[in-house]
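FYI, the numbering for the sequence shown is 96 to 422, going by my numbering.
Beta carbons are placed, not taken as given, at the ideal position from N, Cα and C, and that holds for glycine.
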Amino acid sequence: MHSRLSGLLLAAVLVFVTPAWAQTPSAQAPAAQTHRNPEADFIAWVQHIQDLLQRAGGGMEALGRAGGAFDNTDPAARLAALHDLSTAAVQARATIAAIQPDLDAIQPFTEPGVRPLYYQLGTSLLTNTREVIGKLDDLLADMIDLVRAVDAHDTATVQRLSPRLIQGLVVLVQGQAIMLRARQVTITTSNPSYHTLTAMAAMYDGMAGLIGDGQNFDPAVTDRAADAIDQAVSQYRASLAPLPASPHPGMSDAQWEAALGILNRNIATDQGVAQVLRTAAQEGRAGASTIDIRMNHIAELSVFEQQYQQNSRDLLNVAAQAAQAGH
């Protein structure tokens, strides 16, 4: 799934960028009296982490294929799928190893001239990014070891690693929801980004429910997640209503129009996620849900993750353009 890790970044970007547009100029910290633009530097700092997360996202694509490999009943096809999974995992670990020096070298953002909240969330973003990528690397290593054990007919190792791999997936997904909700504490419910974080956290709750223990599925979990997203969409619409149609101070007409368009795109993304989760719940209640079908739904959700990520990148780029223009 490309890229479950992006949820971590998106939460930070929404918190970082949107409040600056939604508040009055008097609520913003004064710009540093130097030739440098600290806000532009901060955005560039976040974008560097974003680039690394994007590159690490290949590992999530390997995770997305795990369910199909485990559910295939044809022995030859199952083994081939597992070998494909192992190959993808090896490549993903190589990517993570390649970006690790860059990630380790990033220092917390300390340049004066931005709001204090930025320093706190920037440090949290960096710490959480390192932790999540580390967990992802561990999961990929388990995948590779599992396939080796299958090839070696090492039943004991397969039995040991299989539940650990599934549980690791659940922990990784649940961790995203926890971190998103932690960021909500720093912003008000009148801010649109608050409700996007609610919807994204619910999406990860639904993903965790779809994974389950690898066999059992409770449709009530995805139903609750879809209900939470529907409520978040309603509140998101209400939070967008007070935003002016004219440019926010510090942005051009075109930049403000682009920003509003991106903010509105999140609604369609939220609604798409809710529909996938409701379909999964309906299948579960009808007794028509299998692990393979649920993994396909997770793959569908990964497309919406990419949409969230693209919305985040576009929003950040608009902010960067405004900052670089000296607005």
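Beta-carbon proximity list for residue i, same chain, < 7 angstroms, skipping 5 on both sides
{"i": "Ala-369", "result": "Ala-321, Ile-324 and Asp-325"}
{"i": "Ser-181", "result": "Met-238, Ile-239 and Val-242"}
{"i": "Ala-193", "result": "none"}
{"i": "Ser-285", "result": "Ser-334"}
{"i": "Glu-134", "result": "Val-209 and Ala-418"}
{"i": "Val-265", "result": "Ala-303 and Ile-306"}
{"i": "Pro-337", "result": "none"}
{"i": "Leu-358", "result": "Pro-287 and Leu-335"}
{"i": "Gln-402", "result": "Thr-364"}
Contact set for residue i: own chain, Cβ-Cβ below 6 angstroms, skip 5 residues either direction
{"i": "Glu-395", "result": "Val-371"}
{"i": "Gln-215", "result": "none"}
{"i": "Ala-268", "result": "The amino acid occupying residue 268 in the given sequence is Val; Ala does not appear at that position. Around Val-268: Tyr-299, Met-302 and Ala-303."}
{"i": "Arg-373", "result": "Ala-321"}
{"i": "Ala-294", "result": "Ile-324, Ala-327 and Asp-365"}
{"i": "Arg-276", "result": "Ala-296"}
{"i": "Gln-279", "result": "Tyr-289 and Leu-292"}
{"i": "Gln-330", "result": "His-290"}
Enclosing alpha helix (DSSP H) for residue i [first to last residue]
{"i": "Met-238", "result": "211-246"}
{"i": "Met-295", "result": "287-306"}
{"i": "Leu-338", "result": "No alpha helix (DSSP H) contains Leu-338, which DSSP labels as neither H nor E."}
{"i": "Gly-390", "result": "Residue identity differs from the one stated: residue 390 is Met in this sequence, not Gly. Taken as a continuous stretch (DSSP letters only), the alpha helix (DSSP H) holding Met-390 covers 386-419."}
{"i": "Ile-362", "result": "348-380"}
{"i": "Pro-196", "result": "170-200"}
{"i": "Ile-144", "result": "133-151"}
Check whether residue i and residue j have beta carbons under 8 angstroms apart
{"i": "Asp-318", "j": "Ala-381", "result": "no"}
{"i": "Gly-367", "j": "Phe-399", "result": "yes"}
{"i": "Gln-145", "j": "Arg-408", "result": "yes"}
{"i": "Leu-198", "j": "Arg-173", "result": "no"}
{"i": "Leu-221", "j": "Pro-203", "result": "yes"}
{"i": "Ala-244", "j": "Leu-231", "result": "no"}
{"i": "Leu-411", "j": "Ala-354", "result": "no"}
{"i": "Pro-339", "j": "Gly-379", "result": "no"}
Beta-carbon proximity list for residue i, same chain, < 8 angstroms, skipping 5 on both sides
{"i": "Leu-260", "result": "Ala-161, Leu-234, Asp-237, Met-238 and Leu-241"}
{"i": "Ala-417", "result": "Gly-345, Met-346, Ser-347 and Gln-350"}
{"i": "Thr-283", "result": "Tyr-289"}
{"i": "Gln-405", "result": "none"}
Near the ligand ZN: residue i beta-carbon under 7 angstroms from a heavy atom
{"i": "Ala-327", "result": "As far as ligands go, the structure on display features none, and thus does not contain the ligand ZN."}
Test: residue i CB closer than 8 angstroms to a CB of chain D
{"i": "Leu-221", "result": "The displayed structure is made up of one protein chain only, and chain D is not part of it."}
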